[in-house]
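Protein chains: 2
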Amino acid sequence: MSEAKNAFYAQSGGVTAVINASACGVIETARRHSDKIANVYAGRNGIIGALTEDLIDTSRETAAAISALKHTPSGAFGSCRYKLKGLEENRAEYARLIDVFKAHDIGYFFYNGGGDSADTCHKISQLSKETGLPLQAIHIPKTVDNDLPITDNCPGFGSVAKYIAVSTREASYDVRSMAKTSTKVFVIEVMGRHAGWIAAAGGLAADSDNDIPVLILFPEVEFAKDRFIAKVQDYVGRYGYCSVVVSEGARWPDGRFLAEQDTTDAFGHAQLGGAAPVVANMVKEALGYKFHWAVADYLQRSARHIASGTDVEQAYALGKAAVDYALAGQNAIMPVIVRLSDDPYRWEIGHAALSEVANVEKFVPGEFISEDGFGITPACRAYLEPLIRGEDYPPYQKGMPQYVRLLNAPVTKKLNVEFEL
Amino acid sequence: MSEAKNAFYAQSGGVTAVINASACGVIETARRHSDKIANVYAGRNGIIGALTEDLIDTSRETAAAISALKHTPSGAFGSCRYKLKGLEENRAEYARLIDVFKAHDIGYFFYNGGGDSADTCHKISQLSKETGLPLQAIHIPKTVDNDLPITDNCPGFGSVAKYIAVSTREASYDVRSMAKTSTKVFVIEVMGRHAGWIAAAGGLAADSDNDIPVLILFPEVEFAKDRFIAKVQDYVGRYGYCSVVVSEGARWPDGRFLAEQDTTDAFGHAQLGGAAPVVANMVKEALGYKFHWAVADYLQRSARHIASGTDVEQAYALGKAAVDYALAGQNAIMPVIVRLSDDPYRWEIGHAALSEVANVEKFVPGEFISEDGFGITPACRAYLEPLIRGEDYPPYQKGMPQYVRLLNAPVTKKLNVEFEL
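In order, the protein sequences belong to chains A and B.
In terms of the working numbering, the first sequence opens at residue 119 and continues consecutively.
In terms of the working numbering, the second sequence opens at residue 119 and continues consecutively.
See below:
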């Protein structure tokens, strides 16, 4: 065991229904290689746990508890929205991380997050080279927004996509029932600050057996009010009702969000919410139709009860691959999903250099958006459909899903220095 | 077959995840008694279908299609928000119903809805006595609001309750993960215009294995802003976060809804929506906490994918019982759920006179609401918990639930007179 190093694992940014499945993949795989990885320490509340030397000893968790992570939504160790500044701007933070990693004999750094954390992971990898700390930094992709480059898709997205597709279908059945005398337009607001992947998934509500009029407002398409209203009127005229899926990132031609709020999050991004009532009232004013609107918010990304089987499997596989790659000597990479074919759906794990991942956003391409800008194309459907396949239900007791709460026991601190965030 | 009469079945008001299971119970049971019930005609869009002689011939549907109603949300024949006026105010409507029922040899009237439709059903029963039309009128309870009297609970409620309990648990896991640096308060708005049953179900998110701080705003409890803010602060201080379940019917002491909108529905009820952002902003202003909010709206009542097994079973049983009671000669009644014991949960079907059901609302009783007004008591938990038990998943294909679309073929009209609504 003398050569075995410890691993550090942390969850970053908005959590998902399956990020814990990646954690499960990391920890279970590490446990199978205890000759190389002595222990996995998790950051309590993400990278903040590393900065404040607040580490969680995952060896205290039973195999059953770790296994249950696979069906537990949210971030079991806590996540954070905390972006490290550039190396030059805040060298103290990076230096502190190196100190903590050295003190706890960390040889592997697994960071599970989106674009911002890929950037952090990349910087830590660079720094470890400079300082001569033998640290292998591997980023594990996670984002409901599906906006990371190179990987075919991101864990977390398939489950949100399934939730939105299922919910839009169900609500569409509902509004169709009511449309004769009551609600004619149902609006659902979905996540996706810049990229419209989640909004696109609303298009799966309709298929050859379900002729449902779904109108999508993508962040990638400039909002054209007149054409939108005309389309709603056309659908209601032909079907009696319609459903609108609006991305929180949908924008007016001048760049303002349909839902403007005056607050920003810790990364300085505008905090959104409220596009649905804006759109619903717009329809009411123009056409007089009775409406209902929903804002799915956290429900969509935490809905482990309707997670995609494909997504759970891939989230686990990427966590496992991160450890396998580390043990094979890789550094500064991110394991990715490589799609081999749509139907039958086949995929494998590959990897990408972090230098090519960090700070690149992947948007819904033009060929995935229908010509009128309000729907998805067959190519988009072929891309999305395998990602929502499969049901992977959590266990239930007395009608409620049984999610695991870990012990999250702290690792004894070794440094005498507190760190101010 | 000469003695066999036809039955008329209609769905009324807001639809649910399981109202079609009641329809399934009616039609399958009627089909087993074709010597007494020749055919079941359904009203297209509820009672409007009867008024306009727009009837659906359910005999055209295959046994498989009728069976699939059991796992299909929404109203398969269309529903409506259309309340018949009093007998004296609008005798023409009742006279028209009698004409249509006579023309189509209807001997059984099954009306599937909430308080308003129980009232309509009662009036039709009275009228049929006056006019000498031998019509048996049976009301089948349905309402997500769970506000009908006498019956222990209403089909539709158990599934919404399960959806809200599961969603609140999942979102609470999410916000707990984020609370260190980001969202500390999550607010979910739920249905329940007058009665707080659905809001109460949010309390099931917490249990002995899930110590989740859930704060409920009931319509039955005058909203006390200062005490609410103090409670949020207390929870966030102790847990780091909290979840708030706010009923759309929550009110200020002066009677105004927290969410005031200037529109009303067809029954003259104020159309609500938007209590969640009001509450979230209130917390932000008083305490500065970052928040997220969701409005579940139609998603909660159409979520067949997470329906309660108990609810599906009871919805079917009440549809079946309606036919059985009719065949036993009953009139002007509603089959009800009678609870025999909480744990083990045992129930049976009974019946109530419509004269005692119509226009009576059942609210959450004081003994179900905790002393501070923000939570549920053990008695409430004992009442709610059996109602969300059991999972009854629909079939899936390519990742999506397979809901049935009926043919809904029209019955040939027999009257020469059009009816203006």
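The beta carbon of each residue, even a glycine, is placed where N, CA and C say it ideally should be.
For residue i, does the three-state DSSP call read helix, strand or coil?
i, result
"residue 458 of chain A", "strand"
"residue 379 of chain A", "Only weak support exists for where residue 379 of chain A lies, its pLDDT of 49 falling under 50; the coordinates are left without a value."
"residue 200 of chain A", "coil"
"residue 501 of chain B", "helix"
"residue 308 of chain B", "strand"
"residue 272 of chain B", "coil"
"residue 222 of chain A", "coil"
"residue 290 of chain B", "helix"
"residue 165 of chain B", "helix"
"residue 150 of chain A", "coil"
"residue 425 of chain A", "coil"
"residue 370 of chain B", "coil"
"residue 509 of chain B", "strand"
"residue 322 of chain A", "helix"
"residue 496 of chain B", "helix"
"residue 346 of chain A", "helix"
"residue 339 of chain B", "coil"
"residue 285 of chain B", "helix"
"residue 354 of chain A", "helix"
Tell me, please, whether the CB atom of residue i is closer than 9 Å to any CB atom in chain B?
i, result
"residue 127 of chain A", "no"
"residue 327 of chain A", "yes"
"residue 284 of chain A", "yes"
"residue 166 of chain A", "yes"
"residue 321 of chain A", "no"
"residue 530 of chain A", "no"
"residue 274 of chain A", "no"
"residue 400 of chain A", "no"
"residue 105 of chain A", "Chain A is shown from 119 up to 539; residue 105 of chain A falls before or after that span and cannot be answered."
"residue 428 of chain A", "yes"
"residue 520 of chain A", "yes"
Spell out whether any CB of chain A is found under 9 Å from the CB atom of residue i.
i, result
"residue 423 of chain B", "yes"
"residue 412 of chain B", "yes"
"residue 291 of chain B", "yes"
"residue 133 of chain B", "yes"
"residue 140 of chain B", "no"
"residue 494 of chain B", "no"
"residue 417 of chain B", "yes"
"residue 503 of chain B", "yes"
Taking only heavy atoms of the ligand PLP into account, decide whether any of them is closer than 8 Å to the Cβ of residue i.
i, result
"residue 352 of chain B", "Among the components modelled here there is no ligand, and therefore nothing to report on the ligand PLP."
Going by beta carbon distance, what residues of the same chain come within less than 6 Å of residue i, once the five residues before and after it are set aside?
i, result
"residue 168 of chain B", "161, 215, 218"
"residue 127 of chain B", "144, 158, 160, 228"
"residue 481 of chain A", "313, 338"
"residue 164 of chain B", "128, 129, 130, 197, 198"
Taking DSSP's pairing of strands, which residues face residue i in a bridge?
i, result
"residue 452 of chain A", "A:470"
"residue 410 of chain B", "B:304"
"residue 126 of chain A", "A:159, A:227"
"residue 361 of chain A", "A:304, A:332"
"residue 255 of chain A", "A:227"
"residue 175 of chain A", "A:159"
"residue 395 of chain B", "Its beta-bridge partners do not exist; DSSP assigns none."
"residue 514 of chain A", "A:519"
"residue 487 of chain A", "A:494"
"residue 540 of chain B", "Here chain B comprises residues numbered 119 to 539, so residue 540 of chain B is not present and cannot be evaluated."
"residue 528 of chain B", "B:174"
I'd like the list of long-range same chain contacts for residue i, defined as Cβ closer than 7 Å, with 5 residues on each side in sequence excluded.
i, result
"residue 418 of chain A", "278, 281, 282, 308, 309"
"residue 179 of chain B", "524, 525"
"residue 509 of chain A", "427"
"residue 424 of chain A", "280, 281, 284"
Report all residues from its chain with a CB closer than 8 Å to the CB of residue i; omit the five preceding and five following residues, and keep chain order.
i, result
"residue 270 of chain B", "454, 455, 456, 457, 465"
"residue 369 of chain B", "337, 340, 341, 375, 376"
Would a check of beta-carbon distances place residue i closer than 9 Å to chain E?
i, result
"residue 260 of chain B", "As a matter of chain content, chain E is missing from the structure shown, whose protein chains are A and B."
>> Check whether the region 302-310 of chain B and the region 451-468 of chain B touch, using three or more Cβ-Cβ pairs below 8 Å as the test.
In response: no
> Are there three or more Cβ pairs, one per stretch, closer than 8 Å when the region 170-184 of chain B is compared with the region 518-525 of chain B?
Replying inline: yes
> If we count Cβ pairs, one from each stretch, closer than 8 Å, do we get three or more for the region 308-325 of chain B versus the region 280-287 of chain B?
Replying inline: yes
>> Contact between the region 497-511 of chain A and the region 492-506 of chain B is defined here as three or more beta-carbon pairs at a separation below 8 Å; is this criterion met?
In response: no
> How about the region 139-156 of chain A and the region 437-447 of chain A: do they share at least three Cβ pairs that are nearer than 8 Å?
Replying inline: yes
> Just checking, does the region 347-363 of chain B make contact with the region 329-336 of chain B on the three C-beta pairs under 8 Å criterion?
Replying inline: yes
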